[in-house]
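Asks: Heads up, the sequence shown is in the UniProt record's numbering, so the first residue is 1 and it goes up one at a time.
Once you've had a glance at the structure underneath, I'll fire off some questions.
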Amino acid sequence: MDERRPTRTRREKQPKGPSPRKPRRGLRALLYVAFTLVFGYVSTVLWIFEGPFTNLKKYIIESVDQTRHAYLLRPMSLFLVSEATIKKYALPDNLSGPTIPIQDIQRRDFSHINDPTVQMITLHEPTFNAFILLVKDPKRIRVVATKYLHVRGETVMQMVQDSGAIAGINAGGFVDTNWQGTGAYPQGITITDGKLVSMTGSPSQPQPVIAFTKEGQMIAGTYSLNQLRSLDVWQCVGFGPVLVENGKPTVSAENYAVNPRTAIGQTKDGTVILLVTDGRYATGPNDVGASFADVARIMLQFHADIAANLDGGSSATFVYKGRMWNRPVDILGARAVATSIVVMPEGGGKRG
1 MDERRPTRTR
11 REKQPKGPSP
21 RKPRRGLRAL
31 LYVAFTLVFG
41 YVSTVLWIFE
51 GPFTNLKKYI
61 IESVDQTRHA
71 YLLRPMSLFL
81 VSEATIKKYA
91 LPDNLSGPTI
101 PIQDIQRRDF
111 SHINDPTVQM
121 ITLHEPTFNA
131 FILLVKDPKR
141 IRVVATKYLH
151 VRGETVMQMV
161 QDSGAIAGIN
171 AGGFVDTNWQ
181 GTGAYPQGIT
191 ITDGKLVSMT
201 GSPSQPQPVI
211 AFTKEGQMIA
221 GTYSLNQLRS
231 LDVWQCVGFG
241 PVLVENGKPT
251 VSAENYAVNP
261 RTAIGQTKDG
271 TVILLVTDGR
281 YATGPNDVGA
291 SFADVARIML
301 QFHADIAANL
311 DGGSSATFVY
321 KGRMWNRPVD
331 ILGARAVATS
341 IVVMPEGGGK
351 RG
């Protein structure tokens, strides 16, 4: 008797083709995310700039303006804020602080200093972290500009590497075109090793500057190119305000908003103080930023006789020994800037 088992039909699994609905779902998800982001941004802008929170609006405007990027306020606010409103809250254009007349500047000669000591210090303040470099020999301080001048900027790290320096911080302000933030055009007077690199305005027009003479003396205030020439200025960038003068905090150091800050100072013995702070919550909820008064206080803590503010905000960068120590607030990382102040090695590094 043939007891063969009945033949069973074998079912082959057919490969499934792509579902026609999946691309639609992906597109819908993408559109939803985009809509949520746009809606969130527009709502936040309206809440800040059109809401009843006057102090918040003032804080935002002052914070952006103090880092010399007020040109960003209108596009950032979706053009809901008028020029008149920005001018109402914005700080004065001339934030140079006190300016000592040329004839009253007490000349100092630090050319004899050959101490190679460079010391880094990190401070943890309640609302920010501060990174400080003490450079005993002021002749090692040098202003460098982007090698792509009038085309685009470079990061501080790139400028440190280009010049063969051991450290660097961002320096002066720069003029952006069409809000691109390229760092191509330095603002004010820029001098490197006695050579005029860039200048806005005329040689007789006083501008806020931070400079060093050939003998290593720091000078800060509002001076013209002609006046700087008479002082034998060797390095110079345009920015301000002056935060410490003759060992005392200035009036301009008070009552300003907090931000990531960059500053430079000098003690009576010639030691240069480079300082950068974090801010805008870059490292956490307690990382708000530093005010001018905070920076002046730290400068005085390290015995600064003179100190001045440099460009801050998203430009603030501190580089030492091949590492960036602070955390920039720009979403793309370290920002391209027009100028940096670097610390040259004992042998002088690259020049020209």
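C-beta atoms are modelled at their ideal positions from N, C-alpha and C, and glycine is treated no differently.
Tell me whether Pro208 sits in a helix, a strand or coil according to DSSP, three-state version.
Replies: strand
Asks: When you compare only the Cα positions, how much space is there between Leu310 and Leu300?
Replies: 17 Å
Asks: By Cβ distance below 7 Å, which residues in the same chain neighbour Arg229 in space, the five residues on each side in sequence not counted?
Replies: none
Asks: For a quick check, are the C-beta atoms of Leu274 and Val295 less than 8 Å apart?
Replies: no
Asks: In whole angstroms, what is the alpha-carbon distance linking Gln205 and Ile219?
Replies: 17 Å
Asks: DSSP state of Met159, grouped into three classes?
Replies: For Met159, the secondary structure class from DSSP, reduced to helix, strand or coil, is helix.
Asks: Could you tell me the distance, in whole angstroms, from the CA atom of Val258 to the CA atom of Gly312?
Replies: 10 Å
Asks: Whole beta strand (DSSP E) runs in the region 231-266 with 3 or more residues, listed along the chain?
Replies: Qualifying beta strand (DSSP E) stretches, in chain order: 233-238, 242-245.
Asks: Distance, Cα to Cα, Gly289 vs Ile121?
Replies: 18 Å
Asks: Within 10 angstroms of its Cβ, does Pro126 collect 16 or more other Cβ (buried), or is it exposed?
Replies: Answer is exposed; the Cβ neighbour count stays below 16.
Asks: For Phe110, which of helix, strand or coil comes out of DSSP?
Replies: The answer is coil: DSSP assigns Phe110 none of H, G, I, E or B.
Asks: Tell me whether Ser202 is buried or exposed, calling it buried when 16 or more other Cβ atoms sit within 10 Å of its Cβ.
Replies: By the neighbour-count rule (16 or more Cβ atoms within 10 Å), Ser202 is not buried but exposed.
Asks: Taking Gly279 as the reference, which of Ala130, Thr117, Leu46 has the closest Cα?
Replies: Ala130
Asks: Output needed for Gln103: all residues of its chain with C-beta closer than 8 Å, excluding positions within five of it in sequence on either side, in chain order.
Replies: none
Asks: Could you spell out the range, first to last residue, of the alpha helix (DSSP H) harbouring Met299?
Replies: 292-301
Asks: Please state whether DSSP places Pro92 in a helix, a strand or coil.
Replies: Residue confidence for Pro92 is low, a pLDDT of 48 falling below 50, so the modelled location carries little weight; the figure read from the coordinates is stated next. The DSSP-derived three-state label of Pro92 is coil.
Asks: Helix or strand or just coil, what does DSSP make of Gln227?
Replies: helix
Asks: Please work out which residues of its chain come closer than 7 Å, Cβ to Cβ, to Tyr185, disregarding the five sequence neighbours upstream and downstream, and give them in chain order.
Replies: His150, Phe174, Val175, Ala338
Asks: With H, G and I counted as helix, E and B as strand and the rest as coil, what does DSSP make of Arg142?
Replies: strand
Asks: Would you kindly check if the distance between the Cβ of Ala308 and the Cβ of Gly247 is under 8 Å?
Replies: no
Asks: Please state the DSSP three-state secondary structure of Thr127.
Replies: coil
Asks: Quick one: Cα of Thr200 to Cα of Leu133, how far?
Replies: 30 Å
Asks: Which partner residues of Lys198 appear in the DSSP bridge assignment?
Replies: Per the sequence presented here, residue 198 reads as Ser, with Lys not at that position. According to DSSP, Ser198 bridges with Thr190.
Asks: Check whether the Cβ of Val151 sits closer than 7 Å to any heavy atom of the ligand SAM, and report yes or no.
Replies: No copy of the ligand SAM appears in this structure; indeed no ligand is present at all.
Asks: Assuming Gln270 and Phe110 form a contact by the criterion Cβ under 8 Å, report the distance between their Cβ atoms to the nearest whole angstrom.
Replies: First, the residue type needs correcting, since residue 270 is Gly and not Gln in the sequence shown. Their Cβ separation, rounded to whole angstroms, is 4 Å, which keeps Gly270 and Phe110 in contact under 8 Å.
Asks: Taking just the CA atoms, how far does Lys139 sit from Ile113?
Replies: 8 Å
Asks: With distances taken from CA atoms, which of Leu196, Pro249, Ile191, Thr262 is nearest Cys236?
Replies: Ranking the options by Cα distance to Cys236, first place goes to Ile191.
Asks: Cα separation between Arg142 and Gln161?
Replies: It is roughly 13 Å from the alpha-carbon of Arg142 to the alpha-carbon of Gln161.
Asks: With distances taken from CA atoms, which of Phe35, Met157, Ile264, Leu231 is nearest Lys321?
Replies: Met157
Asks: By how many angstroms is the C-alpha of Ala293 removed from the C-alpha of residue 361?
Replies: Residue numbering for the chain in the displayed model covers 1 to 352; residue 361 lies beyond these limits and cannot be assessed.
Asks: Please report the straight-line C-alpha distance between Asp193 and Met159, rounded to a whole angstrom.
Replies: 15 Å
Asks: Apply the 10 Å Cβ neighbour rule to Ala263 and answer buried if 16 or more other Cβ atoms are within range, or exposed otherwise.
Replies: buried
Asks: Looking at chain B, is there any beta carbon in it that lies within less than 8 Å of the beta carbon of Ala293?
Replies: The structure shown has no chain B; it contains just one protein chain.
Asks: At what residues does the beta strand (DSSP E) containing Thr339 begin and finish?
Replies: 339-343
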